[in-house]
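Worksheet: one structure, shown below.
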Amino acid sequence: MVSQKSTLSASNIKYLLAMRELNMEPRGVRSTDLARSIGVTKPSVYTMAKSLCSLGLVEKDRYGAIRFTQDGEDVAKRYERYYNTLCSCLCTVFPKEADIRSAACAMLAEMPENNIEEMCDTISERAKKL
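For the sequence shown, the working numbering gives the first residue as 10, with consecutive numbering after it.
Given below as structure tokens:
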């Protein structure tokens with residue numbers, strides 16, 4: 010489990026979120042699809058996949074498809090929740106969706122996960138009261 014002061018960078022988080030969006034089948038995500046989705050090159054995807062593999066979050070098959078490990082799936086689900094909660098707040102501050110996405114990933118990368126969890130719970134509770 011990735012925790013404490015998060016060992017995930019904003020880029021790690023961005024890739025995990027993109028994989029969650031694209032990963033609708035158990036075959037995994039193709040590097041070309043991931044590169045296109047994020048707007049990066051295939052070598053960038055290769056480098057990031059290697060980094061995420063070393064964290065135990067993804068694995069690559071011999072054909073280059075990238076899929077989540079069980080830990081990776083769990084981490085990605087949590088960060089997707091954090092990201093969506095944070096974006097719902099940031100949309101009142103930032104007018105452009107790209108700015109919101111970048112700000113959310115940067116904030117998530119800099120906060121300890123237990124603080125993120127607490128923040129999301131607080132935001133959710135306040136939203137229920139409205």
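Virtual Cβ for every residue (Gly too), placed ideally from N, Cα, C.
Fair warning: this is a prediction, and the values are worked out from it, not measured in the lab.
- Close beta carbons around M128, own chain, < 7 Å, minus the five adjacent residues each side: Stepping through the sequence shown from its first residue, residue 128 is reached at position 119. Cβ neighbours of M128 beyond the five flanking positions: none.
- Query: If we count Cβ pairs, one from each stretch, closer than 8 Å, do we get three or more for the segment 14-33 versus the segment 112-129?
  - Reply: yes
- Report the three-state DSSP secondary structure of R76 (helix, strand or coil). Taking the sequence shown and counting its residues from 1, one reaches residue 76 at position 67. Note: R76 maps to strand in three-state DSSP.
- Count the other C-beta atoms from every protein chain shown that fall within 10 angstroms of the C-beta of L139, then say buried if there are 16 or more, exposed otherwise. Taking the sequence shown and counting its residues from 1, the one referred to as residue 139 is at position 130. The residue is exposed, with fewer than 16 neighbouring Cβ atoms inside 10 Å.
- Task: Compute the distance between the beta-carbons of M57 and Y92, then report whether it is under 8 Å.
- Result: In the sequence shown, residue 57 corresponds to position 48, counting from 1. In the sequence shown, residue 92 corresponds to position 83, counting from 1. No. Outside cutoff.
- Task: Could you tell me if G37 is buried or exposed, where buried requires 16 or more neighbouring beta carbons within 10 angstroms of its beta carbon?
- Result: Within the sequence shown, the letter at position 28 stands for residue 37. G37 should be labelled buried.
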